[in-house]
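*Asks:* Read in order, the letters of the sequence shown are residues 850 to 1193 in our numbering.
Yeah, the Cβ is synthetic: ideal placement off N, Cα and C, and Gly gets one too.
All of these numbers come straight from a predicted model, not from anything done at the bench.
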Amino acid sequence: MAATKEYRLFCLENPLLDIQAFGNEALLEKYGLKANDAILAEDKHQGIFEDLLNNYDAKLIAGGAAQNTARGAQYMLPPNSVVFAGGVGDDKYAAILHDAVKQVGLRVEYRVDPAVPTGRCGVVITGHNRSMCTELGAANHYDLEHLKKPEVWALVEGAEAYYVGGYHFTVCPPAIMELCKQAAAGNKPFILSLSAPFIPQFFKEPLDASAPYWDYVIGNETEAAAYAESHGLGTTDVRQIARALADLPKANPARKRVAVITQGTEPTIVAVQGEDGVREFAVHPIAKEEINDTTGAGDAFAGGFCAGIIQGRSLADAVDMGQWLAKLSIKELGPSYPFPKQTY
Ligand code: ADP
Ligand code: MG
Ligand code: MG
């Protein structure tokens, strides 16, 4: 029975523990961080994670873009609807991740690498600025072998839709391609997030190999622009870029590709393969004083959107669910969702 089926959405990407705190100039200076930046951790940054935990009243959040999306989809769906796979270490950070996902009822299937620490993202907030320092750690060691383990593969086969975060193109493209092929073979939707401008810029080859399998492709305006530039589309117009994404060649002709481009407070642009023009959906307005933190707004949008797809809602409804969840999340600190739970 479709209505009672469990783990209908299977998600893959990089699990990271976000260690997020309000900091100060001295902290930034100590680690040589810019106030507003996103970098990969070098040797000199290694101490920052413990420092934030011990000295700055840090909030711990199960992060990683697609894990945020998975938590968001689970937030809106019945219990036991969503599973997330990725790589972690065997350390206290992984234990914290497990606790955090348990709180929202997200099932995780982690590849555990005892030799490498769990990925962490230290986030230092000073005023309206945020400095992010990421160490992918064990997330960088995810492999196809884990996806093919019988207990994980059973979840892949049982799922009705797949969501992959583009950051995973830096880690394990073969695992992504396995999910692509499962989706097409079973006529199930495959949903891809472009995730960041550097993915279409610097991981074009694996990204393009998966493109024929995208039933839904989601990105923000800067990711869309990066895609257009790296693919020589000759336009910076998000509507034209959405149109081009929707009309890329497709492996499974039974589903028309849908391209969804969010652009912060500007309307969300949706292009459907073979249709003329695009559809536009206004965002849910939110008063300035209600905005706490827009980090992960796009991840939350994708979570609500995926929940809509899983529930078989119309495209307009799925976009609305995405915008609703994004609005809830930006009222919170970090890519979090409010408890007690609100219902759509
Ligand atoms: P990303 O986080 O990837 O940059 P966007 O900034 O495009 O993604 O935000 C995704 C969605 O989040 C938007 O389409 C909108 O629904 C919602 N959103 C983001 N910022 C705001 C805002 N200031 N007010 C209302 N909604 C917002
Ligand atoms: Mg944005
Ligand atoms: Mg985003």
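What does a CB cutoff of less than 6 Å around residue 950 pick up in its chain, not counting 5 residues either side in sequence?
*Replies:* Within the same chain, residue 950 has close Cβ partners 911 and 957.
*Asks:* Mapping the DSSP letters down to three states, classify residue 1160 as helix, strand or coil.
*Replies:* In this structure, residue 1160 counts as coil in the three-state DSSP scheme.
*Asks:* Just the C-alpha distance for residue 897 and residue 922, rounded to the nearest angstrom, thanks.
*Replies:* Each residue's alpha carbon lies about 31 Å from the other.
*Asks:* Please state whether DSSP places residue 851 in a helix, a strand or coil.
*Replies:* With a pLDDT of 48 at residue 851, under the threshold of 50, the modelled position of that residue is not reliable, and the figure given next carries that caveat. Note: residue 851 maps to helix in three-state DSSP.
*Asks:* For residue 870, I'd like the list of residues in its chain whose CB is within less than 8 Å of its CB, leaving aside the five on either flank, ordered along the chain.
*Replies:* Within the same chain, residue 870 has close Cβ partners 901, 905, 906, 907, 908, 972, 973 and 974.
*Asks:* What residue does the beta strand (DSSP E) around residue 1012 start on, and which one ends it?
*Replies:* Residue 1012 -> beta strand (DSSP E) spans 1010–1014.
*Asks:* Give the DSSP-derived three-state secondary structure of residue 1065 in the structure shown.
*Replies:* Residue 1065: strand per DSSP, three-state reduction.
*Asks:* So what does residue 870 bridge to, in DSSP terms?
*Replies:* The partner list for residue 870 (beta bridge, DSSP) reads 973.
*Asks:* Counting by C-beta, which residues lie closer than 6 Å to a heavy atom of ligand 1, in chain order?
*Replies:* Going by the Cβ distance cut-off, the answer is 1069, 1111, 1112, 1113, 1114, 1117, 1132, 1133, 1135, 1140, 1143, 1146, 1147, 1150, 1172, 1175, 1176 and 1179.
*Asks:* How would you write the range of the beta strand (DSSP E) that residue 1112 sits in, first residue to last?
*Replies:* Counting along the chain, the beta strand (DSSP E) containing residue 1112 begins and ends at 1107–1112.
*Asks:* If we count Cβ pairs, one from each stretch, closer than 8 Å, do we get three or more for the stretch 880–898 versus the stretch 1046–1065?
*Replies:* With a cut-off of 8 Å, the stretch 1046–1065 and the stretch 880–898 do not count as touching, because too few Cβ pairs lie within range.
*Asks:* Quick check: does the Cβ of residue 1118 come within less than 7 Å of any heavy atom belonging to ligand 4?
*Replies:* Of the ligands one can find in the structure shown, namely ligand 1, ligand 2 and ligand 3, none is ligand 4.
*Asks:* So what does residue 938 bridge to, in DSSP terms?
*Replies:* According to DSSP, which records beta bridges pairwise, residue 938 is partnered with 962.
*Asks:* Span of the beta strand (DSSP E) holding residue 978?
*Replies:* That run of the beta strand (DSSP E) goes 978–984.
*Asks:* Quick check on residue 898: does DSSP put it in helix, strand or coil?
*Replies:* Residue 898 falls in the helix class under three-state DSSP.
*Asks:* Ignore the nearest five residues each way along the sequence and tell me which others in residue 1036's own chain have a CB closer than 8 Å to its CB.
*Replies:* The answer, listed in chain order, is 1101, 1103 and 1104.
*Asks:* Which term fits residue 952, buried or exposed, when burial requires 16 or more other beta carbons within 10 angstroms of its beta carbon?
*Replies:* The residue in question, residue 952, is exposed, as its Cβ has fewer than 16 Cβ neighbours within 10 Å.
*Asks:* What is the DSSP secondary structure of residue 906, counted as helix, strand or coil?
*Replies:* Residue 906 falls in the coil class under three-state DSSP.
*Asks:* Note the first and the last residue of the continuous beta strand (DSSP E) segment covering residue 1004.
*Replies:* Careful: residue 1004 lies outside any beta strand (DSSP E), inside the alpha helix (DSSP H) at 999–1007.
*Asks:* Run the CB neighbour count on residue 1188, radius 10 Å, all protein chains shown included, and call it buried at 16 or more, exposed below.
*Replies:* Per the 10 Å Cβ criterion, exposed.
*Asks:* At the level of alpha carbons, what is the spacing between residue 955 and residue 918?
*Replies:* So the alpha carbons of these two residues sit roughly 11 Å apart.
*Asks:* Distance check for residue 929 and residue 1059, CA to CA, integer angstroms please.
*Replies:* Roughly 28 Å between the two C-alpha positions.
*Asks:* Does the stretch 991–1009 come close enough to the stretch 1120–1137 to have 3 or more Cβ pairs within less than 8 Å?
*Replies:* No, the stretch 991–1009 does not touch the stretch 1120–1137.
*Asks:* Please confirm whether residue 913 and residue 858 have their CB atoms less than 8 Å apart.
*Replies:* Contact flag unset, no.
*Asks:* Specify whether the stretch 1132–1147 and the stretch 1085–1099 touch according to this definition: at least 3 beta carbon pairs, one from each stretch, less than 8 Å apart.
*Replies:* Result no; under three Cβ-Cβ pairs closer than 8 Å.
*Asks:* I need the DSSP call for residue 1088, collapsed to helix, strand or coil.
*Replies:* DSSP places residue 1088 in helix when its eight states are reduced to three.
*Asks:* What number of angstroms, rounded off, separates the C-alpha of residue 916 from the C-alpha of residue 1186?
*Replies:* Between residue 916 and residue 1186, the C-alpha separation is close to 13 Å.
*Asks:* So, is residue 1190 buried or exposed, given that buried needs 16 or more other C-beta atoms within 10 angstroms?
*Replies:* That one is exposed.
*Asks:* By Cβ distance, which residues of its chain are closer than 8 Å to residue 978, with the 5 residues on each side in sequence left out?
*Replies:* Cβ neighbours of residue 978 beyond the five flanking positions: 884 and 885.
*Asks:* Tell me, to the nearest whole angstrom, how far the beta carbon of residue 1069 is from that of residue 1112; I am working on the premise that it is less than 8 Å.
*Replies:* That belief holds up - the Cβ atoms of residue 1069 and residue 1112 are roughly 6 Å apart, short of 8 Å.
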